[in-house]
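*Asks:* Protein sequence lines, in the order shown, are assigned to chains A and B.
Each residue of the first sequence is one higher than the one before, counting from 0 in numbering that gives the first Met the number 0.
Each residue of the second sequence is one higher than the one before, counting from 0 in numbering that gives the first Met the number 0.
All C-beta atoms, glycine included, are put in the ideal place defined by N, C-alpha and C.
For reference, the structure I am asking about is given below.
2 protein chains.
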Amino acid sequence: MGRRNQHSREEQRRMALDAADALVAAEGLAGFSMRKVALTMGYTVGNLYLLFSNQDDLLAEVSLRTADAMYEYLRGVAAKPKAPLERLQAIAAGYIGFAQKHSFRWRLMFEHYLPPEKWDHPGLNARQAALFEFVEEHLSPLLPDASPKQLRTAATALWSSVHGLCVLSATGKLHWSGLKDVRPLSDLIVRAFVAGLREERG
Amino acid sequence: MGRRNQHSREEQRRMALDAADALVAAEGLAGFSMRKVALTMGYTVGNLYLLFSNQDDLLAEVSLRTADAMYEYLRGVAAKPKAPLERLQAIAAGYIGFAQKHSFRWRLMFEHYLPPEKWDHPGLNARQAALFEFVEEHLSPLLPDASPKQLRTAATALWSSVHGLCVLSATGKLHWSGLKDVRPLSDLIVRAFVAGLREERG
DNA sequence: GAAGAAAATGATCAGCGTTCAAATCGCGGC
DNA sequence: GCCGCGATTTGAACGCTGATCATTTTCTTC
Numbered sequence: 000m001g002r003r004n005q006h007s008r009e010e011q012r013r014m015a016l017d018a019a020d021a022l023v024a025a026e027g028l029a030g031f032s033m034r035k036v037a038l039t040m041g042y043t044v045g046n047l048y049l050l051f052s053n054q055d056d057l058l059a060e061v062s063l064r065t066a067d068a069m070y071e072y073l074r075g076v077a078a079k080p081k082a083p084l085e086r087l088q089a090i091a092a093g094y095i096g097f098a099q100k101h102s103f104r105w106r107l108m109f110e111h112y113l114p115p116e117k118w119d120h121p122g123l124n125a126r127q128a129a130l131f132e133f134v135e136e137h138l139s140p141l142l143p144d145a146s147p148k149q150l151r152t153a154a155t156a157l158w159s160s161v162h163g164l165c166v167l168s169a170t171g172k173l174h175w176s177g178l179k180d181v182r183p184l185s186d187l188i189v190r191a192f193v194a195g196l197r198e199e200r201g
Numbered sequence: 000m001g002r003r004n005q006h007s008r009e010e011q012r013r014m015a016l017d018a019a020d021a022l023v024a025a026e027g028l029a030g031f032s033m034r035k036v037a038l039t040m041g042y043t044v045g046n047l048y049l050l051f052s053n054q055d056d057l058l059a060e061v062s063l064r065t066a067d068a069m070y071e072y073l074r075g076v077a078a079k080p081k082a083p084l085e086r087l088q089a090i091a092a093g094y095i096g097f098a099q100k101h102s103f104r105w106r107l108m109f110e111h112y113l114p115p116e117k118w119d120h121p122g123l124n125a126r127q128a129a130l131f132e133f134v135e136e137h138l139s140p141l142l143p144d145a146s147p148k149q150l151r152t153a154a155t156a157l158w159s160s161v162h163g164l165c166v167l168s169a170t171g172k173l174h175w176s177g178l179k180d181v182r183p184l185s186d187l188i189v190r191a192f193v194a195g196l197r198e199e200r201g
C-alpha cells in the first residue's frame with residue numbers, strides 16, 4: 000500500500016490508543032501485543048512504530064489515560080461526603096474500587112515498570128503529583144495546623160498506605176487471611192493515620 | 000544423550016533454582032528466560048520442564064526463596080532495638096531496605112502475578128501469613144488491650160501501608176516529589192498509625 | 001500522463017515458552 | 001562381553017513476540 004490519508008497521524012494515534020486500551024482492559028498486560036493493536040485499528044505492525052517509538056511508549060500513554068480517568072472518577076467520589084474524614088475515606092475506598100473494577104487497566108499503571116532513567120517522564124510524573132495533591136487538598140482540613148511541608152509529607156505517607164492495601168488485595172496477597180471486604184481496612188488506615196497525626200501535633 | 004545421572008532430580012531442581020535466582024538478581028524479570036537458566040545449569044531447555052511444570056512454577060519457587068531470605072533478614076533487624084515502637088519502625092525500614100538492596104528479587108515477588116485461580120498456593124500463602132504474623136507479634140506490645148481479631152486487622156493494615164510506601168519508592172512513583180530518603184516516611188507511617196490506634200481504644 | 005514525495009506494508013530477524021519424537025546412556029541378564 | 005530395555009536427556013519444531021527497513025503503493029503536482 001502507500002499513502003491512504005484516511006486518517007491523520009493524530010487520528011491514528013488516537014485509534015491505536017483506543018485499541019490498546021481496550022485490549023489491556025480485556026486481556027491484561029499478558030495478552031497485549033503490538034500486532035493485536037495494529038490488527039484492531041486496521042493497520043500493520045510497522046505503521047505502529049511510526050506512531051510510537053516502541054511498546055513501552057504506547058503503554059505509557061495508555062497508563063496516562065487510565066490515570067486521567069481515575070482522577071476524574073475520584074473527583075466525583077469526593078464530591079459526595081460532606082465531613083472531611085468521611086470524604087477522605089470515600090476517596091480511599093474509591094481508589095480501591097476503581098482498581099478492582101478496572102483491574103487490568105489499573106495494574107498496567109504499576110506493572111508496566113519503567114527503568115530508572117525514564118522516571119523523569121513529564122506526563123506520568125504530573126499525574127502522580129496531581130493525585131497526591133488531590134489527597135493533600137482533602138487532608139488539609141483535618142490537619143489545619145500543619146505546615147505545607149508537613150502536609151505534603153502526610154499526604155504522601157497516607158496515600159502510599161492506601162495504595163499498599165490496594166496492591167495487596169488486587170494481587171491476591173491478602174488471600175491467605177480470608178478477608179472479603181477491604182473497606183474496613185481502608186477506613187481504618189485513614190482514620191488511624193489521621194488521628195495519630197492530629198495527636199502528634201497537639 | 001540420555002541418562003547421565005550425575006545429578007538427581009532434587010539436585011537438578013536446586014541447581015535450576017540457584018541459576019534462576021542469580022539470573023533474576025542480575026537481570027530482573029525482563030532479562031529472565033528458561034533457556035538462560037538451562038544453559039547456566041548445564042542442561043537443555045526440555046529438561047527444565049521435567050523439573051518444573053512451567054516458567055510460572057519455577058518463578059514461584061524463586062519467590063519463595065526470596066520470601067524466606069527476607070523473613071530471616073527481618074528477624075535479624077527486629078533483634079536489635081529494645082523499645083517496641085522503635086523495633087516496629089526498624090522492621091519497616093528493614094523491609095524497605097531489603098527491597099532496595101535486592102531490588103530485582105523483591106520485585107519478582109510482586110511483579111510475577113499469578114491468576115486468581117492460583118491464589119491458593121500453599122507455600123506463597125504461608126510466607127505471606129508468616130510475614131503478617133511477624134508484624135502482629137511486634138505490634139501486640141503496643142496494643143495490649145486489643146483483641147486477637149483487632150490485632151490481626153491492625154497488623155494487616157499497618158503492613159499494607161508500609162508495603163505501599165515500599166512499592167512506590169521502588170518503582171519510581173515518588174520520584175516527582177524529589178524525595179531522597181524514605182525512612183522518615185516509614186517512621187511516620189508506623190508512628191502515626193500506632194498512635195491513632197492507641198487513641199482509638201482508649 | 002509522468003515524476004517525485006509521502007505513506008504504509010510485510011518479510012525478516014532474533015528471541016521467547018513449550019512440546020515431544022528421537023537419541024543416548026546405564027544396567028541387569030545372558 | 002554384549003545385548004536389549006527402560007530411564008533419561010536432548011534439541012528441533014511450533015507459534016508467538018518486539019522491532020526494523022527496503023519495497024511497494026498511493027497521492028499530489030506539474
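(1) Using 8 Å for Cβ pairs, my map puts Met33 of chain A next to Gln11 of chain A. What's the rounded Cβ distance?
(2) In whole angstroms, give me the CA-to-CA distance for Ala82 of chain B and Pro143 of chain B.
(3) By the criterion of Cβ-Cβ separation under 9 Å, what are the contact partners of Gly163 of chain A in chain B?
(4) Find the nearest neighbour of Arg200 of chain B within the set B:Asn46, B:Ala191, B:Arg74, B:Ala145, judged by alpha-carbon distance.
(5) So, for Val76 of chain A: in the same chain, excluding its five sequence neighbours on each side, which residues have a beta-carbon less than 7 Å away from its beta-carbon?
(6) Give the list of continuous alpha helix (DSSP H) stretches no shorter than 4 residues that lie fully inside the region 49 to 104 of chain A.
(7) Taking CB distances under 7 Å as the criterion, tell me whether Leu16 of chain B reaches chain A.
(8) So what's Thr152 of chain A in DSSP terms, helix, strand or just coil?
(9) Just how far apart, CA to CA, sit Phe131 of chain A and Asp119 of chain A?
(10) What first and last residue would you give for the alpha helix (DSSP H) that runs through Ser185 of chain A?
(11) Sorted by chain position, which residues of the same chain lie with C-beta nearer than 6 Å to Gly221 of chain B's C-beta, five sequence neighbours on each side aside?
(12) Given that Arg190 of chain B touches chain A, what residues does it touch there, using C-beta distances under 8 Å?
(13) Using a Cβ-Cβ distance under 7 Å, would His111 of chain B count as near chain A?
(14) Using the C-alpha atoms, what's the distance from Gly27 of chain A back to Asn46 of chain A?
(15) Compute the beta-carbon to beta-carbon distance between Thr170 of chain B and Phe109 of chain A, rounded to the nearest angstrom, for a pair I have assumed lies under 8 Å.
(16) Going along chain A, which residues have a C-beta under 9 Å from Thr206 of chain B?
(17) Can you say whether Val44 of chain A is buried or exposed, counting buried as having 16 or more other CB atoms within 10 angstroms of its CB?
(18) Closest to Lys172 of chain A by C-alpha separation, out of B:Asp180, B:Gly163, B:Val193, B:Leu178, would be which residue?
(19) Taking only beta-carbon atoms, is Arg124 of chain A less than 7 Å away from chain B?
*Replies:* For this structure:
(1) With a Cβ gap of about 14 Å, Met33 of chain A and Gln11 of chain A do not count as contacting.
(2) A straight-line Cα-Cα distance of about 15 Å links Ala82 of chain B and Pro143 of chain B.
(3) Correct list: Trp158, Ser159, Ser160, Val161, His162, Gly163, Leu164, Cys165, Val166, Leu167.
(4) Of the listed residues, the one whose Cα sits closest to Arg200 of chain B is B:Ala145.
(5) Ala89, Ile90, Gly93
(6) Contiguous alpha helix (DSSP H) elements confined to the region 49 to 104 of chain A occur at 54 to 78, 83 to 100, taking only those with 4 or more residues.
(7) no
(8) Thr152 of chain A: helix per DSSP, three-state reduction.
(9) If you take the alpha carbons of Phe131 of chain A and Asp119 of chain A, they lie about 17 Å apart.
(10) 182 to 199
(11) Since the first and last residues shown for chain B are 0 and 201, residue 221 of chain B lies out of range.
(12) Close partners of Arg190 of chain B in chain A (Cβ separation under 8 Å): Gly195, Glu199.
(13) no
(14) 23 Å
(15) 7 Å
(16) No information on residue 206 of chain B is available, as it lies outside the stretch 0 to 201 that chain B covers here.
(17) Exposed, because fewer than 16 other Cβ atoms sit within 10 Å of the Cβ of Val44 of chain A.
(18) B:Gly163
(19) The question names Arg, yet the displayed sequence has Asn at residue 124 of chain A. Output row for Asn124 of chain A: interface = yes.
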